[in-house]
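Numbering of the sequence shown is given in our numbering, commencing with residue 86 and proceeding in unit increments.
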Amino acid sequence: MPLKNKESVEIKASERVDTLKVSGFKVIQEEKRFCFGIDAYLLSDFAVTRKNEKICDLGTGTGIIPFLLAAKNPTVHIDALEIQSESCDMAKRSVLLNELETRINVVEGDIKTASSYFEKNTYDVVTSNPPYMIAEHGEGNGNDEKTIARHEVLCTLDDVVRSATELLKSQGRFYMIHKPFRLAEIMSVMMKYKLEPKRMRLCYPYVDKEPTMVLIEGVKCAKSRITVESPLIVYEKAGGYTQEIQEIYSR
Numbered sequence: 086m087p088l089k090n091k092e093s094v095e096i097k098a099s100e101r102v103d104t105l106k107v108s109g110f111k112v113i114q115e116e117k118r119f120c121f122g123i124d125a126y127l128l129s130d131f132a133v134t135r136k137n138e139k140i141c142d143l144g145t146g147t148g149i150i151p152f153l154l155a156a157k158n159p160t161v162h163i164d165a166l167e168i169q170s171e172s173c174d175m176a177k178r179s180v181l182l183n184e185l186e187t188r189i190n191v192v193e194g195d196i197k198t199a200s201s202y203f204e205k206n207t208y209d210v211v212t213s214n215p216p217y218m219i220a221e222h223g224e225g226n227g228n229d230e231k232t233i234a235r236h237e238v239l240c241t242l243d244d245v246v247r248s249a250t251e252l253l254k255s256q257g258r259f260y261m262i263h264k265p266f267r268l269a270e271i272m273s274v275m276m277k278y279k280l281e282p283k284r285m286r287l288c289y290p291y292v293d294k295e296p297t298m299v300l301i302e303g304v305k306c307a308k309s310r311i312t313v314e315s316p317l318i319v320y321e322k323a324g325g326y327t328q329e330i331q332e333i334y335s336r
């Protein structure tokens, strides 16, 4: 029987419930799976959403990006797609726990065939925090949950960008966080699918270190012109978050 209200939402013994600071939204997670980190906050802050827009989050995990976007803009509707059954189930229960059924819809399915779950050419915004590493990079653990989240085991960068383009309206916006060492490939794949890179921001752990993340916005069927925004520094030299990161968390 489907769960109908937050009082009936099951929290399993292996799970924990994290509360987002500003909104008070609660997110169910499990340690053995990939738990959200700062990259979800950075992507949600970077993404521009407008009144009553329709959003799709590809590879939502336990639903952190939809919850952050719902907190940021209370007028948007968000569909979310996740292939791992257990993560999808946690995301669905978190939606019920926060009584957001009319605003967030979580679907179990494959990014490679996203347009079979959602209507093509109808979304104003698509977001994704996809696996960063190609299958042979780093140390994988077969097909376990964390490997699937970090490595391109079940989908590739090409799959994510192609599916995003299929879902977006003309002039719709795509927001993604990824690794700078794949930036040339990212740009090439986006342009292959007529998703024009329009904004980019590099994220640095410290001011004197190399960037470890890149935020990028692409617009479907747009003219060629990209804005490179100021660097985002995560930590002060003495330790602790920079003022801007603290503001992102508080927003």
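Backbone N, C-alpha and C fix where the C-beta goes; we use that ideal spot for every residue, glycine too.
For residue j and residue i, the rounded distance between their alpha carbons
i      : j      : result
Leu166 : Ile140 : 11 Å
Ile189 : Val107 : 18 Å
Gln169 : Lys308 : 36 Å
Glu224 : Ala155 : Only weak support is given to the placement of Glu224: the predicted model assigns it a pLDDT of 48, under 50, and the value that follows is read from those uncertain coordinates. Whole-angstrom Cα-Cα distance: 35 Å.
Thr198 : Gly144 : 12 Å
Leu127 : Ile301 : 11 Å
Ser248 : Ile196 : 7 Å
Thr250 : Cys173 : 23 Å
Asn158 : Thr207 : 19 Å
Arg118 : Ile96  : 15 Å
Asn137 : Ile311 : 26 Å
His236 : His263 : Per-residue confidence for His236 stands at a pLDDT of 44, beneath the threshold of 50, marking its modelled position as unreliable; the derived number appears in the next sentence. Using only the alpha carbons, I get a separation of about 12 Å.
Phe203 : Leu153 : 21 Å
Lys205 : Val161 : 18 Å
Pro282 : Ile271 : 9 Å
Lys294 : Arg135 : 34 Å
Met175 : Val313 : 36 Å
Asp142 : Val304 : 16 Å
Ala98  : Ser315 : 44 Å
For residue i: DSSP bridge partner residues
i      : result
Ala165 : Asp142 and Val191
Glu302 : Tyr260 and Arg284
Tyr320 : Tyr326
Neighbourhood of residue i by C-beta distance below 7 Å, restricted to the same chain and skipping five residues each side
i      : result
Tyr320 : Pro290, Tyr291, Tyr326 and Thr327
Val133 : Arg258
Pro296 : Pro265, Leu287, Cys288 and Tyr289
Cys120 : Gln114
Which of helix, strand or coil DSSP assigns to residue i
i      : result
Arg286 : strand
Phe259 : strand
Glu281 : strand
Val180 : helix
Glu100 : strand
Val211 : strand
Thr160 : coil
Thr327 : coil
Thr250 : helix
Val274 : helix
Thr312 : strand
Glu115 : strand
Ala199 : helix
Cys173 : helix
Ala125 : helix
Ile219 : coil
Cβ distance (whole Å) where residue i is taken to contact residue j below 8 Å
i      : j      : result
Thr254 : Leu182 : Reading off the sequence shown, one finds Lys at residue 254, where the question assumed Thr. Not a contact, Cβ separation roughly 31 Å.
Pro215 : Val245 : 5 Å
Val274 : Leu242 : 6 Å
Leu268 : Ser200 : Wrong, their Cβ atoms sit about 26 Å apart, outside the cutoff.
Leu280 : Phe259 : 6 Å
Asp103 : Ile333 : The pair is not a contact, with the Cβ atoms about 17 Å apart (cut-off 8 Å).
Ala125 : Ile150 : 6 Å
Nonlocal neighbours in the same chain, by C-beta distance under 6 Å from residue i, ignoring five residues either side
i      : result
Val66  : There is simply no residue 66 to check, as the chain begins at 86 and stops at 336 in what is shown.
Cys306 : Ser255 and Lys279
Glu100 : Ile113 and Glu115
Val192 : Leu166 and Tyr202
Asp209 : Glu138, Lys139 and Gly257
Lys322 : none
Chain-order list of residues whose beta-carbon lies under 8 Å from that of residue i (same chain, five-residue window excluded)
i      : result
Ile123 : Val319 and Ile330
Arg336 : Val107, Asp130 and Lys157
Glu186 : Val180
Met47  : Examination of residue 47 is not possible in this model, given that the chain is present from 86 through 336 alone.
Met276 : Pro282
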